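**Q** I am attaching a structure below and will ask some questions about it afterwards.
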Amino acid sequence: MDCRRVAGRTVLAAMTLVASCDKSTAPMSIAPVASMTVSPASASLSAGQTVQLTATPRDSQGNPLSGRVITWSTSDATNATVSGSGLVTAETVGGATVTATSEGKSAGAVITVTAPSGGGGTPDPTLLPIARTSQAPLTTAYDALNVPAIAAGGSYLDPTTGVKVYKITSATFPTLSANWGHDYAEGGDEVSLPYNGTTRAVLVHGGAYWLVDFTPGVGVGNGRQLTGTFAPVQDQAFAFSTNPATPWYAYVSNGTSVRRIDIRTMTEAPGNGWPVMDESVAVWLQQSENDGLFAWMRGASGPTVVGYEPGTGTLKTYTNAGIDEPRIDRAGRYIGLTMASPAEALFLWDWQADSIVLKTTGDPGIPFIHVASLRDRWYGVDWNLSQPYQYVVFDPVARTQLHIGGPTNSGDEYGNGNWIQHPA
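So for the sequence shown, our numbering puts the first residue at 456; every next one is plus one.
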């Protein structure tokens, strides 16, 4: 081409032709990726659900950049997988961080996978996920909750179970006390079912025992002290109703009898098998679903455990000098007896048949102690193993005790989920 013939053309044409005639070329300036953003930054899904994530590369000024290669990855493909286009699929209960990367810059989204709710209801916290040896603590997922910033009365979904957790503070408790707390609870439920709209009652203590109401989104109020025949003889001597038809009932052992009270009016509610008189220091008070079968121990050290069915007025006892404490089966047939002798053994009392149907060896085997009582099973930790410890499940129907994986959150006997409250 003769470049001289086009010298009088427009500036744009001249620039183009000069570039064509000049063998040397100047490289185009392409802005590097300075940062990444992912939207949404977090998502809570039931197992099987999906969410589409969008990743945006940005320059140093925060402007979006197009045409960049983006790769996707997940921190735990067991819980959540991600496609090459950013489509996340929830797999199993747990959590994962899904990360988008371009030119060495990354951003992530926290994915929480909850148990299927079975028709839109609240996930069942008794359907615990099975622990895996490779399962690492969900540090990122829990840190992202920023629990300290949640207002009293607010809530969050637990990344592991999908259960809604409400935050309660003592700022509005009935009286000033440095000792306000929730009872050490390995017996009955100390958080009630909703008995007035969404309001639940909670047993707390600050010297004396009190009931306080908790309303989601509102907080704590309506404190009333448990006095006289309604005062629990000790921590494990109180239980709220497990019957959704009568969520306003509670049961209290006052040292001489076991009584049913109406928490709405703070009056006694006799009838239907209540009260049970002449029960001295009935502790470890607890019951199965729908208030069907109750269990307690006579005296803090036993040796007699009571199984009581109020619907029929049937009361049975089992006495053994080696008993440490009882554990109800939420299904309402069995009572697991933790033994002090043999240490940490399980004696399984079939209340209906009124017989001991299983005896385990206990220490140094799998310990049955400080376990969480669920339906047809108890969960605990085997700290008799060397680290890392494992979770265990006891099945009273199959009459088995099995390791179900780990590592556990603690080797301490109190790290077994003992403060699990109402299964609703």
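In this text, a Cβ means the ideal position worked out from N, Cα and C, and glycines have one as well. Keep in mind that this is a model prediction, so the values were computed, not measured.
Quick check on Leu-803: buried or exposed, where buried means 16 or more other Cβ atoms within 10 Å of its Cβ?
**A** buried
**Q** Assuming Ala-750 and Pro-702 make a contact with CB atoms under 8 Å, what is their CB distance in whole Å?
**A** With a Cβ gap of about 21 Å, Ala-750 and Pro-702 do not count as contacting.
**Q** Taking the DSSP output, what are the residues bridged to Phe-849?
**A** Trp-833, Gln-856
**Q** Quick check: what's the CA-CA separation for Leu-612 versus Asn-775?
**A** 43 Å
**Q** Give the secondary structure of Thr-536 by DSSP, where H, G and I count as helix, E and B as strand, and everything else as coil.
**A** strand
**Q** Given Gln-807, which residues of its chain have a CB within under 8 Å of its CB, disregarding the five upstream and five downstream residues?
**A** Arg-788
**Q** Going by CA-CA distance only, name the one from Val-659, Pro-671, Leu-740, Ala-663 that's closest to Tyr-650.
**A** Taking each of Val-659, Pro-671, Leu-740, Ala-663 in turn and checking the Cα distance to Tyr-650, the smallest one comes out for Pro-671.
**Q** In the DSSP assignment, find the alpha helix (DSSP H) that holds Leu-840 and state where it starts and stops.
**A** Here Leu-840 belongs to no alpha helix (DSSP H), and DSSP marks it neither H nor E.
**Q** Taking the continuous beta strand (DSSP E) assigned at Leu-666, which residues delimit it?
**A** 663-670 is the extent of the beta strand (DSSP E) around Leu-666.
**Q** Can you list, in chain order, the residues of its chain whose CB lies under 6 Å from that of Pro-862, leaving out five sequence neighbours each side?
**A** Pro-843
**Q** Please classify Pro-519: is it buried, with 16 or more other beta-carbons within 10 angstroms of its beta-carbon, or exposed?
**A** The residue in question, Pro-519, is exposed, as its Cβ has fewer than 16 Cβ neighbours within 10 Å.
**Q** Identify which residue in Val-675, Tyr-664, Thr-536, Leu-681 has its Cα closest to the Cα of Thr-653.
**A** Val-675
**Q** Within the continuous alpha helix (DSSP H) that includes Leu-600, where are the two ends?
**A** 594-600
**Q** Quick check on Thr-793: does DSSP put it in helix, strand or coil?
**A** Thr-793 falls in the strand class under three-state DSSP.
**Q** Grab me the residues of Thr-663's own chain with a C-beta within less than 8 Å of its C-beta, minus the 5 sequence neighbours each way, in chain order.
**A** A small fix is needed here, since residue 663 is Ala in this sequence, not Thr. The answer, listed in chain order, is Gln-680, Leu-681, Thr-682, Ala-686.
**Q** By the DSSP assignment, the beta strand (DSSP E) with Asp-644 in it spans what residues?
**A** No beta strand (DSSP E) contains Asp-644, which DSSP labels as neither H nor E.
**Q** For the beta strand (DSSP E) holding Arg-679, just list the boundary residues, first then last.
**A** 674-680
**Q** By alpha-carbon positions, which one of Asp-831, Ser-610, Thr-509, Val-568 ends up nearest to Pro-495?
**A** The candidate whose alpha carbon is nearest that of Pro-495 is Thr-509.
**Q** Among the candidates Asp-779, Thr-505, Pro-603, Met-721, whose CA atom is the shortest distance from the CA of Asn-677?
**A** Met-721
**Q** Measure the alpha-carbon distance for Ala-786 versus Asn-698 and round it to whole angstroms.
**A** 13 Å
**Q** Measuring only the C-alpha atoms, how far is Ser-497 from Val-565?
**A** 5 Å
**Q** Would you say Ala-596 and Gly-550 are within 7 Å of each other, going by their C-beta atoms?
**A** yes
**Q** Taking the alpha carbon of Ser-490 as the point to measure from, which residue in Val-537, Thr-544, Gly-563, Gly-539 has its own alpha carbon closest?
**A** Gly-563
**Q** Measure the C-alpha to C-alpha separation of Glu-799 and Ser-557 and round it to an integer number of angstroms.
**A** 55 Å
**Q** Just to check my reading of the structure: Ser-828 and Ile-783 have Cβ atoms closer than 8 Å, yes? What is that Cβ distance to the nearest angstrom?
**A** 5 Å
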